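What follows is a set of notes on a single structure, which appears directly below.
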Amino acid sequence: MNKIVNKSMIGVAKRIMMCRPTHFKVDYSINPWMDEKVQADFEKATKQWNTLKSTIEKCGAEVVVMESEDARDYPDIVFCANAGILRGKKIYLSHFAFPERYGEHVFYKRFFDELGFETSFNRKIIHEGAGDALWCGEGMNILVSGVGPRSDVQACEDIQQKIKLNADDKFYVVAARLVDPRFYHVDTCFCPLDENLAMAYMPAFDSVSQNNIRNYTELLPVPEKDARRFVCNSVVIGKHVIVHHGSDTTFKLLEKHGYQVHPIDMSEFMKAGGSAKCCTLRLE
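Taking this note's numbering, the leading residue of the sequence shown gets 0, the next gets one more, and so forth.
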């Protein structure tokens, strides 16, 4: 039997979704990084978003933009990594843990319907999409799925049933329990670089989850000071890594492994607990 690969996630990213930050602001506090007294500068945030978009395009990927004019009540919809989990042309849409984001799935569903995706949604199970579930391992067939502050362990089985492409489609969902509230989504502390390598801040996971993750991928350890700058929240396009500036220790490690680092400023989005990866969703 031929090796099964996750064609939408293996190899160099070709198409990446972004959502325009039309209504972005820090309007509430639903993670440890958010403080309503520390408001984002909208003009600066827009420039940062545009820089991220243009950097992705310079690295060779097409950006597909979701407009958000009618999503006025959802300032965090810009963090479209949380739209859902993709496999091929199927997407498991997110059901958010906090009411402030509940309604976002309506806008994401419309967007993916227009792109021709088959969508599924379970309002009984909390899960926050590709912000809390990342593909890694051989064939990109291991889905490391966060369990804890923002996603329910019940989602692991449901995801496996809903996005399986056919009877021969084999992949595994590995539950990874998050134990540090600062790293409330998997994509804040874990970043697959290719099938065999990921950078990670492992203290964000419990000991069992750490061992499970190590079974599937080699790890580049990230120091706490770089983890707090969301170095794991990077956009990876082949050998290009687009990331918030300032994590020099990890940047040197990435360069040693043959990666070209593209530091950019994501400071306004970090006020809401997100960085480069949070603002993107790989489509293929």
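Beta carbons: idealized from backbone N, C-alpha and C, even for Gly. Every value quoted in this text rests on a predicted model; they were computed, and no experiment measured them.
Exercise for review: Just confirm the distance between the C-beta atoms of Glu61 and Arg14, as a whole number of angstroms; I'd bet it's less than 8 Å.
Suggested key: 5 Å
Review point. What's the C-alpha gap between Asp34 and Asp186?
Key: 21 Å
Point to revise | Length of the line joining the Cα atoms of Cys135 and Met198 | key: 11 Å
Point to revise | Lys89, DSSP secondary structure in three states | key: strand
Point to revise | Nearest-angstrom Cβ-Cβ length linking Gly145 and Leu177, presumed shorter than 8 Å | key: 5 Å
Practice item. Would you decide whether Lys161 is buried or exposed? Buried here means 16 or more other CB atoms lie within 10 Å of its CB. Key: buried
Point to revise | Alpha carbon of Asn140 to alpha carbon of Lys36, nearest angstrom | key: 42 Å
Check your understanding: Does any heavy atom of the ligand ADP sit closer than 6 Å to the C-beta of Ala70?
Key -> Among the components of this structure there are no ligands whatsoever, and the ligand ADP is therefore not found.
Check your understanding: Based on Cα-Cα distance, which residue from Pro148, Pro191, Ile263 and Gly128 lies nearest to Lys46?
Key -> Ile263
**Study point:** DSSP-derived helix/strand/coil call for Ser144
**Key:** strand
**Study point:** Extent of the continuous alpha helix (DSSP H) run through Ala302
**Key:** Since the first and last residues shown for the chain are 0 and 283, residue 302 lies out of range.
Exercise for review: Might you give, ordered along the chain, the residues of its own chain that have their beta carbon closer than 8 Å to the beta carbon of Gln259, omitting 5 neighbours on each side?
Suggested key: Lys238, His239 and Val240
Check your understanding: Using 8 Å as the threshold, is the segment 90–98 in touch with the segment 109–127, meaning 3 or more CB pairs across them?
Key -> yes
Check your understanding: When the distance is taken between beta carbons, is Pro74 closer than 7 Å to His126?
Key -> no
Exercise for review: Tell me whether the beta-carbon of Gln221 lies closer than 7 Å to the beta-carbon of Val173.
Suggested key: For clarity, residue 221 is Val in the given sequence; the question names Gln instead. Not a contact, by the Cβ cut-off of 7 Å.
Point to revise | Closest residue to Arg181 among Gly272, His256, Asp40 and Lys251 (Cα-Cα distance) | key: Gly272
Check your understanding: Is it right to say Glu254 is buried, meaning 16 or more other beta carbons lie within 10 angstroms of its own, or is it exposed?
Key -> exposed
Check your understanding: What are the residues that DSSP puts in a beta bridge with Cys190?
Key -> Met198
Practice item. Could you name the residues of the same chain whose beta carbon sits closer than 7 Å to that of His184, not counting the 5 residues immediately before and after it, in chain order? Key: Glu127, Gly130, Asp131, Gly145 and Arg149
Review point. For Cys135, does the three-state DSSP call read helix, strand or coil?
Key: strand
Review point. Residue range of the alpha helix (DSSP H) that Leu282 falls in?
Key: Premise fails: Leu282 is in no alpha helix (DSSP H) and is neither H nor E.
Practice item. Provide the residue(s) that pair with Gln259 in DSSP beta bridges, ordered along the chain. Key: His239
Practice item. Compare the Cα-Cα distances from Lys108 to each of Leu85, Ala12, Asn165 and Asp26 and report the closest residue. Key: Leu85
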